[in-house]
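Chains as they are written, first to last, in numbering that gives the first Met the number 0: chain A, 0 to 404; chain B, 0 to 404.
Cβ coordinates follow ideal geometry from the N, Cα and C atoms, glycine included.
There are 2 protein chains.
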Amino acid sequence: MALIVQKYGGTSVGSIERIRNVAKRIVKTYDQGHDVVVVLSAMSGVTDNLITMAHQASKVPDKRELDVLMSTGEQTTIALMAMTLHDMNYPAASLLGFQADILTDNMATKARIMSIGADRIKTLISEKKIVIIAGFQGIDSEGNITTLGRGGSDTSAVAIAAAIKADTCEIYTDVDGVYTTDPRICEKARKLKQISYDEMLEMASLGAKVLQIRSVGFAKKFNVPIHVRSSFNEEEGTMVVGEDSGMEQLVVSGITLDKNEARLTLRKVPDQPGVSSKVFTPLADAGIQVDMIIQNTRSGGETDLTFTVNKSDFEQAKRIAENVVKNIGGEEVMVADDIAKVSVIGVGMKNHAGVAATMFSALASENINIRMISTSEIRISCVIDERYAELAVRVLHKAFNLDKI
Amino acid sequence: MALIVQKYGGTSVGSIERIRNVAKRIVKTYDQGHDVVVVLSAMSGVTDNLITMAHQASKVPDKRELDVLMSTGEQTTIALMAMTLHDMNYPAASLLGFQADILTDNMATKARIMSIGADRIKTLISEKKIVIIAGFQGIDSEGNITTLGRGGSDTSAVAIAAAIKADTCEIYTDVDGVYTTDPRICEKARKLKQISYDEMLEMASLGAKVLQIRSVGFAKKFNVPIHVRSSFNEEEGTMVVGEDSGMEQLVVSGITLDKNEARLTLRKVPDQPGVSSKVFTPLADAGIQVDMIIQNTRSGGETDLTFTVNKSDFEQAKRIAENVVKNIGGEEVMVADDIAKVSVIGVGMKNHAGVAATMFSALASENINIRMISTSEIRISCVIDERYAELAVRVLHKAFNLDKI
C-alpha cells in the first residue's frame with residue numbers, strides 16, 4: 000500500500016463532468032488500498048478570467064491582492080472535488096494553502112515554497128480521508144496569501160509529495176507522457192518510459208511544456224519520483240526519476256526545438272577586458288535574459304560577439320546593442336530573428352563520445368548550416384536557420400535511433 | 000476623526016464599475032480624515048452561481064466544502080476592491096475571515112461569530128490603510144473556513160465594528176433606509192430618521208429585509224450604532240440605535256405585513272393537560288416553526304387550538320395535525336392559507352395605552368375582521384384575511400399618523 004500524490008491540471012478539472020471523471024480515477028486508486036493526496040489546479044480558463052477582471056479593476060493590479068484573487072480558482076476546484084467525492088460516498092477533505100501549512104516567501108505572484116508542515120495532511124490521511132489540496136497557493140510568514148506563478152500547481156504537488164514522503168507523485172495532464180520530441184513535428188516521436196530529472200530540466204527549459212520546470216528541480220532535490228500521465232486514458236505515462244534509479248540510459252533521450260529566440264552579433268568590437276560587461280550589463284538592467292553567448296577571435300584586436308535573446312525582447316535588445324557598439328567603437332550590429340535552436344538531450348552523452356559528431360553529421364547530411372553551438376553536460380544545442388527547424392528535428396530523431404525505442 | 004465601518008452589499012459591488020463607484024465613496028470618507036474599515040459581500044449573483052455549481056457536483060453538498068466554495072465570492076470582491084483603491088493611489092489591504100481573526104463556531108453554512116481579534120485590523124488602520132474585509136466568512140477553532148449564512152455580511156460588519164470599537168457601522172444597501180412600511184404597499188410610507196434595535200428586530204423578523212436580523216441583535220448587545228443607507232445616493236439613511244440614545248420616540252414606528260403564513264385550527268380537542276404537547280412536539284420534530292398560537296376555551300371540556308406556520312410547511316403541518324386530531328379524539332382540522340399578518344411596532348407603545356384600541360378601531364373602520372391577535376412588549380399583530388392585507392397596512396399607517404412624520 001503506497002502513499003500517492005496525484006496532481007490534476009486545469010483541463011482535467013475543466014468542468015463539473017470532468018471533475019467527476021477525475022474523482023472516479025481518484026477513488027480507483029483509493030479502493031486499491033492506497034493513501035491518496037490530490038493537488039488541483041483551477042478549472043481551465045478560470046485563472047485567465049480572474050486576470051482579466053483584475054486588469055479591469057486596475058491597470059497594474061497590486062500583486063498582494065492579485066494573489067488573493069487568483070487563489071480563488073483552486074479554492075473553487077478543491078471544494079467541488081471534495082463535494083463530488085462525498086457525493087460518491089468517499090471521505091474527503093479539502094485544504095487551502097494556508098490550511099496545508101504551505102509556507103512561502105513573500106514574493107507575491109511568484110512565491111517560492113519554503114516549507115510544508117505535513118502534520119495536518121498526515122492526520123487526515125490517518126483518518127483514511129482523501130486529502131484534496133489547492134495547488135499554486137501558499138501563505139507567507141505574515142499570513143498573506145501567495146501564489147507560485149504559472150504552472151505552480153506542479154511545484155505544489157511535488158513539494159507536498161516530498162513533505163509527506165509520498166512513494167510517487169503522479170502529474171495528470173492533457174498529454175500522456177514525455178516524448179522524444181514534439182509529435183506534431185516528427186510523427187515518429189515516441190513516448191519515453193523514463194527520463195532523468197536533469198534531462199527533464201533541459202527538456203522543460205527548452206520548451207517541452209509537460210512539467211513546470213521548478214517542480215522538476217524540487218523533485219530532483221528531494222528525490223520524488225514523478226509519473227507524468229494523461230487524465231483522459233489509463234495508459235502508463237513517463238517516469239521522471241533520479242539517474243541512480245537503475246534506469247537503462249539512452250544516449251540521447253529527446254530532441255527539442257525552440258523558435259522563440261533571435262540572434263544579435265556585434266561585429267568588430269574591441270577585443271579588450273571589460274567589453275563583454277559593457278554589452279551585457281545594460282541588457283541585464285533592462286531585464287532581458289540572454290541565452291547563448293559566443294565570442295570568436297578575429298585578428299587585429301577585434302572580435303565578434305554573438306548572443307541570443309527571446310524574440311519578445313529582440314527590438315529592445317537591438318536598440319541597446321546599437322548604442323553599445325557606438326560607444327565602444329564596434330562596426331555594426333547584425334541581427335537575425337529567423338533562427339531556431341535545436342537541441343539533443345541525454346544523460347547518456349556524458350559517457351559516450353561522438354554525440355556531437357553524430358549531431359553535426361546528421362545536420363550536414365541535409366545541408367543544414369550550423370550558426371551557433373552551445374553545450375551543457377547533457378545537452379548540445381545548435382542554432383540553425385528557421386526554415387530547416389522541423390527537418391533538423393526529424394533527421395536528429397532518426398540519427399539517434401529515437402524512432403525505434 | 001472617527002473610526003467608521005462601511006458595509007456594501009452584493010448589488011452595490013455587482014460589477015467592476017460599481018466597485019469603482021463604491022471605492023470613490025470610501026475614499027471620500029477617508030479623505031475627510033476618518034479611519035475606514037470596509038466589509039464586502041460577494042458580487043450579486045455570484046453566491047447563487049456557486050450554489051448552483053455545488054448542486055451540480057453533489058445532490059447534498061458537504062457543508063464544510065460548501066463553505067470553502069462560497070467564501071470565494073467575498074474573496075473575489077475584496078481583492079478587486081483593494082486593487083481598485085491602489086489604482087486610485089490609496090493605501091488598502093484586504094483581509095479574509097481567517098486573516099481578520101474572525102473566529103466562529105463550527106456550524107458550517109450557518110456559523111456564529113465567537114470572537115474577533117482586532118489586532119491585525121488595528122495595525123493596518125494605524126498604518127493609515129483602508130482595510131477591506133471579506134464579509135460572511137470566518138474560521139473555526141480547527142482552522143476550517145466557515146460562513147455565517149445568508150445576509151451574514153451585515154453580521155460581520157457589526158461584529159467587526161464592535162471588536163474595533165468603531166464609532167458607527169454604515170450598512171450600504173439598495174434601499175435608502177428603514178421605512179415606516181413597505182412603500183410598494185403604501186405610497187405615504189416615510190423614511191425613519193431613527194429606529195431602536197428592538198423595533199428593528201421586530202421589523203426584520205416580520206419581513207422588512209433591510210438588515211439581517213442577527214446583525215441587529217449583535218448591534219444591540221454591543222451598542223453599535225448602525226446607519227442604514229443607500230450606496231446609490233448621498234442621502235442620510237436611518238440610524239439604528241439604542242433606546243437610551245435620546246431619540247424622540249414615536250408611539251408606533253412601523254407597520255409590517257407578512258403574507259407567508261398559513262393558519263391551522265384543531266377543533267374540539269380535549270381540554271386536558273398534555274394535549275398541546277401532543278400537537279407541537281411532532282411539529283417541532285419535523286423542523287416546522289410555529290409562529291402564533293392561540294387557544295380558546297369552549298364549554299364541555301373541549302377547546303379549539305389555532306396556530307400559524309410558514310406557508311412552505313403548511314401541507315406537512317396539516318398532515319401532522321390531522322394525525323394528532325385522530326389520535327387525541329378531536330373533531331377536525333380547519334385550515335386557511337389566505338391569511339395575512341399585519342403588525343404595528345413601536346417602543347413608544349410601552350408607555351402609551353390605547354395602541355391596541357387604535358389598531359382594532361382602524362381595522363374595524365374598514366370592516367376588516369381580525370382572526371387572531373398576538374402581542375409582544377413593542378408589537379401588536381393581527382391575522383386578517385389576505386385580501387384586506389394592503390388596505391390594512393394603509394389604514395394603520397394613517398391611524399398612527401405615520402403619513403405625517
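Between the options, which lies nearest to residue i when the distance is taken from Cα to Cα?
{"i": "residue 189 of chain A", "options": "A/254, A/277, A/215", "result": "A/254"}
{"i": "residue 331 of chain B", "options": "B/61, B/265, B/125, B/308", "result": "B/265"}
{"i": "residue 22 of chain B", "options": "B/79, B/44, B/292", "result": "B/79"}
{"i": "residue 11 of chain B", "options": "B/328, B/286, B/173, B/3", "result": "B/173"}
{"i": "residue 387 of chain B", "options": "B/401, B/374, B/368, B/74", "result": "B/368"}
{"i": "residue 183 of chain A", "options": "A/43, A/401, A/392", "result": "A/392"}
{"i": "residue 308 of chain B", "options": "B/282, B/346, B/395, B/93", "result": "B/282"}
{"i": "residue 195 of chain B", "options": "B/187, B/225, B/211", "result": "B/225"}
{"i": "residue 329 of chain B", "options": "B/314, B/299, B/384, B/342", "result": "B/299"}
{"i": "residue 279 of chain B", "options": "B/297, B/315, B/311", "result": "B/315"}
{"i": "residue 53 of chain B", "options": "A/81, A/69, A/73, A/55", "result": "A/81"}
{"i": "residue 229 of chain A", "options": "A/24, A/15, A/14", "result": "A/24"}
{"i": "residue 327 of chain B", "options": "B/17, B/157, B/277", "result": "B/277"}
{"i": "residue 160 of chain A", "options": "A/117, A/139, A/379", "result": "A/117"}
{"i": "residue 252 of chain A", "options": "A/404, A/29, A/14, A/110", "result": "A/404"}
{"i": "residue 291 of chain B", "options": "B/374, B/39, B/76, B/105", "result": "B/374"}
{"i": "residue 286 of chain B", "options": "B/319, B/305, B/304", "result": "B/319"}
{"i": "residue 63 of chain B", "options": "B/106, B/310, B/97, B/185", "result": "B/106"}
{"i": "residue 398 of chain B", "options": "B/157, B/75, B/73, B/357", "result": "B/357"}
{"i": "residue 354 of chain B", "options": "B/197, B/250, B/41", "result": "B/250"}
{"i": "residue 382 of chain B", "options": "B/110, B/30, B/362", "result": "B/362"}
How many angstroms separate the CA atom of residue i from the CA atom of residue j?
{"i": "residue 164 of chain A", "j": "residue 200 of chain A", "result": "22 Å"}
{"i": "residue 234 of chain B", "j": "residue 6 of chain B", "result": "16 Å"}
{"i": "residue 302 of chain A", "j": "residue 269 of chain A", "result": "6 Å"}
{"i": "residue 19 of chain A", "j": "residue 145 of chain A", "result": "28 Å"}
{"i": "residue 162 of chain B", "j": "residue 120 of chain B", "result": "10 Å"}
{"i": "residue 0 of chain B", "j": "residue 34 of chain B", "result": "8 Å"}
{"i": "residue 166 of chain A", "j": "residue 220 of chain A", "result": "15 Å"}
{"i": "residue 239 of chain B", "j": "residue 216 of chain B", "result": "11 Å"}
{"i": "residue 267 of chain A", "j": "residue 46 of chain A", "result": "48 Å"}
{"i": "residue 176 of chain B", "j": "residue 209 of chain B", "result": "8 Å"}
{"i": "residue 27 of chain A", "j": "residue 90 of chain A", "result": "14 Å"}
{"i": "residue 9 of chain A", "j": "residue 151 of chain A", "result": "12 Å"}
{"i": "residue 142 of chain A", "j": "residue 192 of chain B", "result": "42 Å"}
{"i": "residue 223 of chain A", "j": "residue 237 of chain A", "result": "14 Å"}
{"i": "residue 345 of chain B", "j": "residue 312 of chain B", "result": "30 Å"}
{"i": "residue 92 of chain B", "j": "residue 131 of chain B", "result": "6 Å"}
{"i": "residue 212 of chain B", "j": "residue 153 of chain B", "result": "9 Å"}
{"i": "residue 359 of chain A", "j": "residue 271 of chain A", "result": "32 Å"}
{"i": "residue 155 of chain A", "j": "residue 100 of chain A", "result": "12 Å"}
{"i": "residue 108 of chain B", "j": "residue 347 of chain B", "result": "37 Å"}
{"i": "residue 349 of chain B", "j": "residue 125 of chain B", "result": "45 Å"}
In the DSSP assignment, find the alpha helix (DSSP H) that holds residue i and state where it starts and stops.
{"i": "residue 21 of chain B", "result": "15 to 30"}
{"i": "residue 153 of chain A", "result": "151 to 162"}
{"i": "residue 95 of chain B", "result": "Counting along the chain, residue 95 of chain B falls outside any alpha helix (DSSP H), and DSSP gives it neither H nor E."}
{"i": "residue 215 of chain B", "result": "212 to 221"}
{"i": "residue 118 of chain A", "result": "118 to 125"}
{"i": "residue 79 of chain A", "result": "62 to 86"}
First and last residue of the beta strand (DSSP E) that includes residue i?
{"i": "residue 253 of chain B", "result": "253 to 257"}
{"i": "residue 136 of chain A", "result": "136 to 138"}
{"i": "residue 133 of chain B", "result": "129 to 133"}
{"i": "residue 107 of chain B", "result": "From DSSP, residue 107 of chain B is part of no beta strand (DSSP E); its letter is neither H nor E."}
{"i": "residue 226 of chain A", "result": "225 to 229"}
{"i": "residue 281 of chain A", "result": "Segment 274 to 284 is the alpha helix (DSSP H) holding residue 281 of chain A; no beta strand (DSSP E) there."}
{"i": "residue 11 of chain A", "result": "Looking at the DSSP string, residue 11 of chain A is not in any beta strand (DSSP E), and its letter there is neither H nor E."}
{"i": "residue 309 of chain A", "result": "301 to 309"}
Positions along the region 15 to 29 of chain B whose CB lies within less than 8 Å of some CB in chain A: Here the close residues are 15, 18, 19.
Cβ-based contacts, 9 Å cut-off: residues of the region 293 to 308 of chain B near chain A: none
Which residues, in order along the region 32 to 44 of chain B, keep a beta-carbon less than 8 Å from a beta-carbon of chain A? none
Taking only beta carbons into account, state which residues of the region 116 to 139 of chain B come closer than 7 Å to chain A, listed in chain order. none
Taking beta-carbon pairs under 7 Å, can you tell me which members of the region 78 to 90 of chain A lie near chain B? Legend: CB atoms of the region 78 to 90 of chain A lying less than 7 Å from CB atoms of chain B belong to residues 78, 79, 81, 82, 83, 85, 86.
Only counting runs of 3 or more residues, tell me where the beta strand (DSSP E) segments fall wholly within the region 354 to 384 of chain A, in order along the chain. 369 to 375, 378 to 384
Check distances from the C-beta atoms of the region 147 to 161 of chain A to those of chain B and list, in chain order, the residues that come in under 9 Å. none
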